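Take a look at the structure below.
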Amino acid sequence: MGKMKVLFAAYIAFVIYGTLVPFHVVDSLPALLCNVESIRWLPFWDLHRGRIASIPDMVQNILLFLPIGILGAHCFGRRPGPTLATGFGLSLLVETLQLLTSNRVSSVNDLVFNTLGTLAGFLLYLRLAPAWSRLIHHPVMRDFARVPGALPLLLMMIYSWVYALEPFNFTLDVGAVWWNVRMFFGQLAHPRLVLRDEFILASQFALVGFLAAGLLHRLGARAAYPLSLLLVVLWATVTEMSQLIVASRVASALTLAFSWIGAGIGVAARGWYALSPRPGRFFAGYALFVLGAFAVDSLSPFVLRESYLRPALLPFRLYQSAYFVSALSNVFHALLVFMPLGYLASRIRLNRARGLLFWTVLLIASVAIELGQGFIAGRYPDVTDCFLPFAGAVIGWWLAGRVRRHGVVIRESAA
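Per numbering that gives the first Met the number 0, the very first residue in the sequence shown carries number 0; after that it's consecutive.
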């Protein structure tokens with residue numbers, strides 16, 4: 000029950016974040032009053048367009064709050080009151096907070112359909128709860144949860160999906176989706192390489208491929224490596240093609256190809272590791288690879304500015320400006336990329352000297368990369384970001400310790 004409550008709270012935070020981005024806060028009382036005047040009070044009617052409210056918007060609002068009903072029913076029990084009150088209160092909070100932003104419009108429609116989505120999730124839970132209980136207690140699911148690498152794999156899969164779809168402004172408008180499809184196939188004729196994006200996607204799916212191959216190998220699956228490559232390629236394809244229904248994203252065939260290449264590299268690396276397991280050397284190579292990818296991501300496009308820009312010494316400076324989304328994405332990116340690194344560092348059980356060397360190099364490299372942004376045009380160094388990779392690795396180390404204390408074997412034996 001405790002874990003489900005944590006998941007419930009995390010999804011509530013996700014809803015608040017996803018419905019308020021990009022956090023352009025109004026800076027004057029007249030602007031706030033203008034937002035209040037623009038509230039759409041009439042249900043089922045879009046006053047801004049003078050017609051019945053958009054059906055895709057209704058569907059999105061229902062689907063967004065469907066997990067609220069499911070998780071609420073699991074946490075609060077079969078009484079509908081607490082779950083519906085949570086969904087209604089969360090929707091009311093979001094609509095109220097949108098009055099403080101310059102790029103959102105509060106609407107009674109959203110309040111109604113969010114509450115309906117909560118109700119639908121609650122009813123769905125009552126219908127599927129017995130089947131769900133049998134699923135999570137199935138021996139295969141228990142074995143999956145106990146295999147080392149399952150947690151980092153799940154984190155990286157979630158991260159790759161969030162990284163591709165953020166800021167989650169989904170659209171079901173046929174015209175917008177068709178335009179995205181045309182752009183996707185248009186790039187096949189005129190490919191445009193963006194080193195930073197392609198390199199980062201390849202590094203992400205290399206790690207996913209490595210973890211997936213190791214997981215299936217541990218579970219004793221037949222043809223574990225080809226199967227893991229196929230599954231990761233399918234996940235990369237689904238993740239990239241999901242951008243077709245995101246208004247501010249454009250799916251790229253070139254990016255998809257680099258994701259496939261990264262998956263192949265990761266699966267091949269896991270096969271090499273199984274044939275000749277050298278945990279220390281392999282971990283060192285992986286750590287250098289992650290730091291290299293992080294450096295490319297942080298320092299691209301490698302265009303020097305005329306004079307050095309000193310870093311902002313006030314922590315979380317970017318969180319108080321219009322760059323909130325960019326800063327929050329940096330936090331999310333750094334934490335989830337470096338959490339598996341800390342997890343693996345704990346798993347191979349470095350001795351005291353090598354452990355001290357690892358943490359020292361990680362901290363120095365993180366600070367050096369962030370300070371190096373002062374030389375790059377369009378980059379803004381911030382003291383907060385200096386410690387995010389280090390913090391992500393520490394969290395991964397802590398998670399590995401928690402798993403170990405629950406009786407899971409962390410150290411992998413030689414194949």
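C-beta: ideal position from N, C-alpha, C; glycine also. Since the structure is predicted, the reported quantities are computational estimates derived from the model, not experimental observations.
Verify whether the separation of the beta carbon atoms of L110 and S90 is less than 7 Å.
Taking 7 Å as the Cβ cut-off, L110 and S90 qualify as a contacting pair.
Would you mind working out which of L123, S105, Q97, M57 sits nearest P79, comparing C-alpha positions?
The shortest C-alpha separation from P79 is found at L123.
Under the rule that 16 or more other beta-carbon atoms within 10 Å means buried, what is G261, buried or exposed?
Under this definition G261 is a buried residue.
Contact under 7 Å by Cβ, S241 with L164:
The answer is yes: Cβ separation under 7 Å.
Consult DSSP for V407 and reduce its assignment to one of helix, strand or coil.
Caution applies to V407, whose pLDDT of 44 falls short of 50 and renders its modelled position unreliable; the model cannot decide the point.
Please look up how many angstroms separate the CB atoms of Q59 and F169, rounded, as I've assumed it's under 8 Å.
About 6 Å separates the two Cβ atoms, so the contact holds.
Candidates H73, L206, A175, L228: which alpha carbon is nearest L154's?
Cα-wise, what sits closest to L154 is L206.
Would you mind sorting S27 into buried or exposed? The rule is 16 or more other CB atoms within 10 Å of its CB.
The residue is exposed, with fewer than 16 neighbouring Cβ atoms inside 10 Å.
Go to E305, then tell me how far its alpha helix (DSSP H) extends in each direction, as first and last residue.
Neither: E305 is in no alpha helix (DSSP H) and is coded neither H nor E.
Please list, in chain order, all residues of the same chain as I69 whose beta carbon is under 8 Å from its beta carbon, the five residues on each side excluded.
Cβ within range, chain order: G120, F121, L123, Y124.
Quick one, which of L387, G354, G263, G395 has its alpha-carbon nearest A367's?
Closest by alpha carbon: L387.
Pairwise C-alpha distance: L230 and L290:
Cα to Cα, the separation comes out at about 26 Å.
Whole angstroms are fine: how far does the CA of V5 sit from the CA of V295?
Answer to the nearest angstrom: the Cα atoms are 34 Å apart.
Same chain, Cβ closer than 7 Å to C385, five either side skipped, listed in chain order
Excluding five sequence positions before and after C385, the CB atoms of its chain that fall closer than 7 Å to its own CB belong to S365, V366, E369, given in chain order.
When DSSP builds the beta bridges, which residues end up paired with G245?
A small fix is needed here, since residue 245 is Val in this sequence, not Gly. F169, per the DSSP bridge assignment.
Cα-Cα separation, G400 to G213:
Taking C-alpha positions only, G400 is separated from G213 by approximately 20 Å.
Report the residue from D172, C33, A8 whose alpha carbon sits nearest the alpha carbon of S105.
If you compare the alpha carbons of D172, C33, A8 with that of S105, the shortest gap goes to C33.
Residue range of the alpha helix (DSSP H) that S365 falls in?
Unbroken alpha helix (DSSP H) run through S365: 351-371.
Can you tell me whether L46 is buried or exposed? The criterion is at least 16 other CB atoms within 10 Å of its CB, across all chains shown.
In this prediction, L46 has a pLDDT of 45, which is less than 50 and means its spatial position is unreliable; what the coordinates show is noted afterwards. Burial call: exposed.
Contact check, A344 vs W396 under 8 Å by CB: the rounded distance?
Sure, about 6 Å apart at Cβ, within 8 Å.
Which class does S299 belong to by DSSP, given the choice of helix, strand or coil?
In the structure shown, the three-state DSSP call for S299 is coil.
Quick one: Cα of T236 to Cα of P380, how far?
Rounded to the nearest whole angstrom, the C-alpha separation of T236 and P380 is 34 Å.
When the Cα atoms are used, what is the spatial distance from I15 to L398?
Cα to Cα, I15 sits roughly 26 Å from L398.
Is it buried or exposed, V302, if we count other Cβ atoms within 10 angstroms and call 16 or more buried?
Around the C-beta of V302, fewer than 16 other C-beta atoms lie within 10 Å, and the residue is accordingly described as exposed.
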